[in-house]
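See below for the structure under consideration.
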Amino acid sequence: MVARSEAKATGASPDADVDPLTGIPSRQAFLKRLEARLTQEAVPRCALLLIGIDDFRAFNDMHGFGEGDAILRQVARRLRDASPRDAELGRVGGDEFGVLLPSISDPTLVRHISAAILSLLSEFHEVEGRRHHVLASVGACVVPAAGNDVSEVLASASLALGRAKRDGGRTIRFFKPQMRTDVATRLSLVQALREAYAQRQFELLYQPQVDLRDGRVVGAEALMRWRHPTLGLLQPASFIDALAASNVAGDVGMWLLHTACAQARVWTLGFANAPRVAINLFAAQLAESRLLTEVRHVLRELQLAPERLELEITETIALQQGDEISDQLQALRRDGVTLTCDDFGTGYASLSFLKSFPVDRLKIDQSFIRNVTQDPVDAAIVHSLIDVGASLRIGVVAEGVETAEQRDFLLANGCYEAQGYLYGRPMSAERLTEYIRSQTG
Ligand code: C2E
Ligand code: CA
Ligand code: CA
Numbered sequence: 001m002v003a004r005s006e007a008k009a010t011g012a013s014p015d016a017d018v019d020p021l022t023g024i025p026s027r028q029a030f031l032k033r034l035e036a037r038l039t040q041e042a043v044p045r046c047a048l049l050l051i052g053i054d055d056f057r058a059f060n061d062m063h064g065f066g067e068g069d070a071i072l073r074q075v076a077r078r079l080r081d082a083s084p085r086d087a088e089l090g091r092v093g094g095d096e097f098g099v100l101l102p103s104i105s106d107p108t109l110v111r112h113i114s115a116a117i118l119s120l121l122s123e124f125h126e127v128e129g130r131r132h133h134v135l136a137s138v139g140a141c142v143v144p145a146a147g148n149d150v151s152e153v154l155a156s157a158s159l160a161l162g163r164a165k166r167d168g169g170r171t172i173r174f175f176k177p178q179m180r181t182d183v184a185t186r187l188s189l190v191q192a193l194r195e196a197y198a199q200r201q202f203e204l205l206y207q208p209q210v211d212l213r214d215g216r217v218v219g220a221e222a223l224m225r226w227r228h229p230t231l232g233l234l235q236p237a238s239f240i241d242a243l244a245a246s247n248v249a250g251d252v253g254m255w256l257l258h259t260a261c262a263q264a265r266v267w268t269l270g271f272a273n274a275p276r277v278a279i280n281l282f283a284a285q286l287a288e289s290r291l292l293t294e295v296r297h298v299l300r301e302l303q304l305a306p307e308r309l310e311l312e313i314t315e316t317i318a319l320q321q322g323d324e325i326s327d328q329l330q331a332l333r334r335d336g337v338t339l340t341c342d343d344f345g346t347g348y349a350s351l352s353f354l355k356s357f358p359v360d361r362l363k364i365d366q367s368f369i370r371n372v373t374q375d376p377v378d379a380a381i382v383h384s385l386i387d388v389g390a391s392l393r394i395g396v397v398a399e400g401v402e403t404a405e406q407r408d409f410l411l412a413n414g415c416y417e418a419q420g421y422l423y424g425r426p427m428s429a430e431r432l433t434e435y436i437r438s439q440t441g
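Positions 1 to 441 (the UniProt record's numbering) are the ones given, in order, by the sequence shown.
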């Protein structure tokens, strides 16, 4: 078999078996080879890898298709370098590549090869002097466990790839039969979420953030709930990941922005020292280039000062974004909007991240606060996170403060703002209004 035939994309007659962009076998040719392999023996043993580039659409949006095409060509070349000699390659989708390992079905070996591929792909790509970093994921399956015919085997690898991407990308996942039912559950959840949005079943609760020195409410984080018609009030844990990954996230995110800003406006009308309102951004909102214009539009429409709005963004989400998003967020900061790094300390590059992604506040993750008064390691971590804030001269807020001892620890270590059950659970806007009123007397 012509395993890694370098096709000549320059020939006069276009060859349907060759992908014109990368020169490797097309989807059609690749599937033919997979078919041949699956029918060669009574019980064939082989493995299929599907390699997908993480967030390639965002890359194209950001850098243009020309640069995207160059990346795809380099990926194809690196795949060939990283794959065993007898592997069959193919471009099976826009940003998806297939690698058929015709004589390998040992999962350990498959994992080993997948890891080698990922590591080679994650090295810098250079396009006309510009360096790009793209990350990829692998969905792997072994035959016969993954199915008997082409469509079944391909679907299995595809489910595994989907899982790898949902688990955050740049990782390898093996197909498991369970994934078939998982996807069915998720699809109906996404459908239900779309309906929930259309029927206005989402609500926002607000959790106070206080100044520890005087207990005054200085901010409120908007937190979403789903008032399900039959299941009652649902916490984000049961739906937020599915929502964030779905295409409803952009719309819900805009609704959220609008609703929270409208509430902030109500508070500025009612109180001299109105709390700032914080919202959590979805990755999907950042992937769209309209974030800057939307935020400015909402603020103008509601006549709300930018200082009244805070955007919380997790490090993981921020890291997935390119320069353009970063520029938009920095423009909002210059307008006066507060940008906060949520769950600070849980990411893998918190310090270097702050260098490339300046923020106004750090929110220390609740996992460090939980045992801060018992566990000396947590105490040391919180202490040094507060130090980071101090040396960068940016605010620090602690989340998940439940006890007076935790509050005292924070005060003693120089952290003056906190959010947590000690001060209040997420509550309706009306209840928080009462809360603030009782303070201002
Ligand atoms: P998060 O942004 O880290 O929000 C803080 C979570 O910690 C909230 O849970 C809050 O109720 C909880 N919490 C606050 N204080 C305490 C405490 O003292 N003790 C304990 N044990 N927990 C405390 P919630 O409301 O269930 O939200 C969970 C996550 O769901 C949020 O984590 C956020 O990642 C996501 N989420 C919630 N609402 C939204 C939203 O409107 N948009 C986006 N993008 N994500 C949201
Ligand atoms: Ca948050
Ligand atoms: Ca958090």
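Every residue, glycine too, gets a C-beta built ideally from N, C-alpha and C.
- Take Leu-193, set aside five residues on each side of it, and the residues of its chain with a beta-carbon closer than 7 Å to its own are Phe-239, Ala-242, Leu-243, Ser-246 and Val-248, in chain order.
- Looking only at Ala-184, Gln-406 and Ser-326, the smallest Cα-Cα distance to Ala-287 is reached by Ser-326.
- Taking 7 Å as the cut-off, the Cβ atoms of Pro-275 and Val-359 do not count as close.
- Checking the DSSP bridge columns, you'll see Lys-363 partnered with Val-397.
- Per DSSP, the beta bridge partners of Asn-280 are Glu-312.
- Boundaries of the beta strand (DSSP E) around Ser-137: 136 to 143.
- In this structure, the beta-carbon distance from Leu-212 to Arg-407 falls below 7 Å.
- About 17 Å separates the beta carbons of Lys-355 and Thr-340, which is beyond the 8 Å limit, so they are not a contact pair.
- The secondary-structure analysis by DSSP pairs Glu-301 with nothing; it has no beta-bridge partner.
- Around Leu-351, the same chain offers Val-388 as residues with beta carbons nearer than 8 Å, after the five sequence neighbours per side are excluded.
- Taking 3 residues as the minimum length, the beta strand (DSSP E) runs contained wholly in the UniProt domain "GGDEF" (44 to 177) are 46 to 53, 88 to 93, 96 to 101, 125 to 127, 130 to 132, 136 to 143 and 172 to 174, in order along the chain.
- In the same chain as Val-153, and ignoring 5 residues on each side of it, the C-beta atoms closer than 8 Å to its own belong to Leu-34, Leu-38, Leu-48, Cys-141, Val-143, Ala-146 and Gly-147, in chain order.
- DSSP places Ala-244 within a helical segment (H, G or I) once states are collapsed to three.
- In this structure, Ala-116 is the residue among Ala-116, Ile-53 and Leu-410 with its C-alpha nearest to the C-alpha of Asp-81.
- Proximity to Ser-391 across Arg-361, Leu-205 and Pro-306 peaks at Arg-361, based on C-alpha coordinates.
- The Cβ-Cβ distance between Ala-76 and Thr-22 falls below 7 Å.
- For Arg-200, the secondary structure class from DSSP, reduced to helix, strand or coil, is coil.
- Around ligand 2, the residues whose beta-carbon falls short of 6 Å from at least one of its heavy atoms are Glu-221, Asn-280, Glu-312 and Asp-342, given in chain order.
- In this structure, Asp-343 sits away from Asp-378, with a CB-CB distance that is not shorter than 7 Å.
- A Cβ-Cβ contact shorter than 7 Å links Leu-385 with Gly-345.
- Distance from the CA of Leu-410 to the CA of Tyr-416, rounded to the nearest whole angstrom, comes to 7 Å.
- In the DSSP assignment, Arg-225 falls within the beta strand (DSSP E) that extends over 217 to 228.
- Relative to the Cα of Arg-308, the nearest Cα in the group Ile-317, Arg-296, Val-92 and Leu-319 belongs to Arg-296.
- By the CB criterion at 7 Å, Leu-292 and Gln-320 fall outside the cutoff.
- The shortest C-alpha to C-alpha distance from Ala-412 to any of Val-372, Gly-162, Leu-234 and Leu-223 is the one to Val-372.
- Not one heavy atom of ligand 1 sits closer than 6 Å to the Cβ of Leu-286.
- Checking the 6 Å criterion, the Cβ of Glu-399 is within range of a heavy atom belonging to ligand 3.
- Restricting attention to Glu-402, Phe-353 and Phe-357, the CA atom closest to the CA of Ile-369 is found in Glu-402.
- Taken through DSSP and simplified to helix, strand or coil, Ala-418 comes out as strand.
- His-133 and Val-127 have their alpha carbons spaced roughly 11 Å apart.
- C-alpha of Thr-316 to C-alpha of Gln-40: approximately 45 Å in a straight line.
- The beta carbon of Tyr-423 sits no closer than 6 Å to any heavy atom of ligand 1.
- The C-beta of Leu-281 has 16 or more other C-beta atoms within 10 Å across all chains shown, which makes the residue buried.
- Using a 10 angstroms sphere on the CB of Pro-229, the tally of other CB atoms stays under 16, which defines it as exposed.
- For Asp-327, the uninterrupted alpha helix (DSSP H) segment begins and ends at 323 to 335.
- For Ile-364, the shortest C-beta to heavy atom distance toward ligand 1 is 6 Å or greater.
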